[in-house]
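Trainee: Below you'll find the structure I mean.
Protein chains in written order, with the working numbering: chain L, 13 to 436; chain G, 0 to 163.
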């Protein structure tokens with residue numbers, strides 16, 4: 013390699029045309045730094061769901077790549093995403109994870125900012141001279157757009173609008189996913205957070221990996237009733253599919269009959285929901301609404317995976333935050349029905365606790381295999397990681413290739429986008 | 000405020016202490032079937048997130064009734080859950096035991112727990128405030144409720160292949 017040749021100029025060596033990923037992709041700190049710059053600072057990154065900061069003045073902390081941001085709704089209801097960094101000496105202006113406020117004040121020298129990030133006041137301003145312009149010293153604001161409650165932000169002023177980045181198929185699936193509100197708006201009920209010693213792309217791959225499910229989640233499957241276990245045997249029935257939806261996004265439809273929750277409402281109520289259905293009837297909900305709510309409680313039948321950091325996964329959001337090349341924070345966000353029956357939300361909470369989070373019957377097993385990937389890459393630097401499964405019988409889908417439910421089509425979609433962005 | 004009725008005050012603290020230590024010992028030795036025997040069937044084993052007390056309507060790390068407790072233990076024992084086979088090794092210390100309340104046959108006990116976990120050649124440390132609701136029976140105490148409040152329960156955690 014000559015001295016004027018950038019270290020990562022050969023992107024084919026990192027992700028080859030026949031879908032092999034170089035080990036370096038998981039462990040090179042310089043590559044990680046480039047990714048943060050060329051991907052996380054350049055594209056739309058998911059920061060929050062509408063329901064997490066529902067009122068005027070309410071806010072939550074989030075990240076865009078490595079950078080800490082505040083997501084806030086101002087007095088007019090406009091959503092702002094701004095860097096959590098005082099323009100004076102860089103102290104964070106907020107360390108409360110979530111709450112309601114009328115302003116943000118730096119604890120160091122007292123610079124005060126409005127809900128839109130504008131600099132309102134600073135103590136003893138005289139020493140900055142007469143030409144100090146407060147308008148130029150507000151919190152750094154990011155471009156912010158949302159679709160169906162999902163709020164995204166970017167540092168890139170030249171980027172295409174969010175809906176164009178998502179594209180029509182992703183928007184259609186987002187709308188379908190939100191039907192699990194059962195007629196009520198979808199609301200965040202809480203979240204499980206855990207940190208895993210792995211590269212962020214190990215997680216990116218996993219959200220579109222159905223192949224691992226019966227192996228890693230055997231113990232979860234064993235804890236289900238027969239009828240529910242049957243639903244999760246999607247690899248055996250083979251009815252599902254995974255499809256490249258463009259721009260790195262993909263859908264993994266495990267249970268196709270649950271893609272549209274408004275369909276098949278006359279199907280019999282599954283056994284695990286019969287008590288809930290009766291409870292709702294007893295509360296006075298009409299039968300058609302009972303069926304709709306009960307069908308929604310189990311979640312949607314697909315994972316929608318958005319590049320680079322969020323997945324709509326059956327009944328929850330999975331969000332990844334890269335921390336270092338070998339460390340990633342994961343949040344599993346539980347969703348419920350805003351204003352919906354308490355019994356239905358309780359069932360969703362218990363289902364979430366059953367699989368997700370540090371003590372779930374699923375997440376700890378996921379976290380272990382992700383960590384094992386990272387540990388395994390310490391050996392065999394020259395061996396590639398394979399994401400070529402299912403290339404043999406892929407067919408054209410609506411926008412991109414569509415593969416068998418266990419195919420690695422979604423990973424290839426993500427890596428194609430990765431490669432495109434890293435070459436810019 | 001401790002209200003005593005059927006309970007012998009002079010021996011209560013050592014008895015409760017012995018019980019909590021025995022429970023910790025069962026968990027460290029992964030004697031899970033014996034641990035299940037400590038429970039009243041209607042009891043809940045809960046690790047809340049944050050300071051909520053309305054566990055039913057909140058997201059918890061776990062909120063186990065009798066069935067979930069048994070399913071969880073079954074999962075630990077089956078040997079094909081990758082996070083539990085092999086499981087992390089643990090050493091736990093229970094201390095700072097305070098009898099908060101004793102009414103009739105029911106005792107509320109607060110305590111501090113430190114758990115050190117060892118796996119993959121690394122060790123992690125967890126600290127928690129525990130509250131046990133114990134019921135006095137002819138054969139000893141049984142657990143009616145156990146609430147474990149991990150420090151940083153609403154922050155970034157790791158996955159756990161054991162109980163607290």
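Glycine included, every Cβ here is placed at the ideal spot set by N, Cα and C. Predicted model only: the values in this text are computed from it and were never measured.
(1) For residue 421 of chain L versus residue 256 of chain L, is the C-beta distance shorter than 8 Å?
(2) Is the separation between the beta-carbon of residue 77 of chain L and that of residue 99 of chain L shorter than 8 Å?
(3) Using a Cβ-Cβ cut-off of less than 8 Å, give me the residues of the region 68–87 of chain G that come near chain L, in sequence order.
(4) Against chain G, does residue 206 of chain L count as a neighbour if the rule is that its beta carbon must be under 8 Å from one of theirs?
(5) Quick one: residues in its chain with C-beta nearer than 7 Å to the C-beta of residue 62 of chain G, no 5 flanking neighbours on either side, listed in chain order?
(6) Just to check my reading of the structure: residue 114 of chain G and residue 91 of chain G have Cβ atoms closer than 8 Å, yes? What is that Cβ distance to the nearest angstrom?
(7) Answer yes if the region 140–150 of chain L comes into contact with the region 368–375 of chain L, meaning at least three C-beta pairs across the two stretches below 8 Å, and no otherwise.
(8) Please report the straight-line C-alpha distance between residue 63 of chain L and residue 56 of chain G, rounded to a whole angstrom.
(9) Does the beta carbon of residue 339 of chain L come closer than 8 Å to any beta carbon on chain G?
(10) Per DSSP, residue 371 of chain L forms a beta bridge with which residues?
(11) Do residue 192 of chain L and residue 198 of chain L come within 8 Å of each other at the CB atom, strictly closer than that value?
(12) Quick one: which residues of the region 34–49 of chain G get their C-beta closer than 7 Å to a C-beta of chain L? List them in chain order.
(13) So, is residue 405 of chain L buried or exposed, given that buried needs 16 or more other C-beta atoms within 10 angstroms?
(14) Please look up how many angstroms separate the CB atoms of residue 310 of chain L and residue 271 of chain L, rounded, as I've assumed it's under 8 Å.
(15) Residues in the same chain with beta-carbon distance under 7 Å from residue 189 of chain L, minus the five sequence neighbours each way, listed in chain order, please.
(16) Where does residue 183 of chain L fall in DSSP's three states?
(17) State the beta-bridge partners of residue 60 of chain L as determined by DSSP.
(18) On the DSSP bridge list, what partners appear for residue 122 of chain G?
(19) Tell me, please, which residues DSSP counts as bridged to residue 80 of chain L.
(20) Any contact between the region 287–304 of chain L and the region 218–235 of chain L? By contact I mean 3 or more CB pairs, one from each, below 8 Å.
(21) DSSP three-state call for residue 14 of chain G: helix, strand or coil?
(22) Go through the region 172–242 of chain L residue by residue and report every complete run of the alpha helix (DSSP H) that reaches 4 residues or more, in order.
(23) Going along chain L, which residues have a C-beta under 7 Å from residue 59 of chain G?
(24) Along the region 129–162 of chain G, where does the CB come closer than 7 Å to a CB of chain L? Name the residues.
(25) Is there a Cβ of chain G sitting closer than 8 Å to that of residue 196 of chain L, yes or no?
Mentor: Put simply:
(1) yes
(2) no
(3) Among the residues of the region 68–87 of chain G, those with a Cβ less than 8 Å away from any Cβ of chain L are 70, 71, 73, 74, 77, 79, 80, 81, 82, 83, in the order of the chain.
(4) It does: the Cβ of residue 206 of chain L has a partner Cβ on chain G nearer than 8 Å.
(5) 43, 45, 54
(6) 5 Å
(7) no
(8) CA-CA distance, residue 63 of chain L to residue 56 of chain G, rounds to 17 Å.
(9) no
(10) Partner(s): none; residue 371 of chain L has no beta bridge.
(11) yes
(12) 46, 48
(13) Exposed: under 16 other Cβ atoms inside 10 Å.
(14) That belief does not hold up - the Cβ atoms of residue 310 of chain L and residue 271 of chain L are roughly 13 Å apart, past 8 Å.
(15) 312, 316, 324
(16) Three-state DSSP puts residue 183 of chain L in a helix.
(17) The partner list for residue 60 of chain L (beta bridge, DSSP) reads L:163.
(18) G:117
(19) L:75
(20) no
(21) helix
(22) 174–189, 212–218, 225–228, 230–234
(23) 365
(24) 154, 155, 156, 157, 158, 159, 160
(25) no
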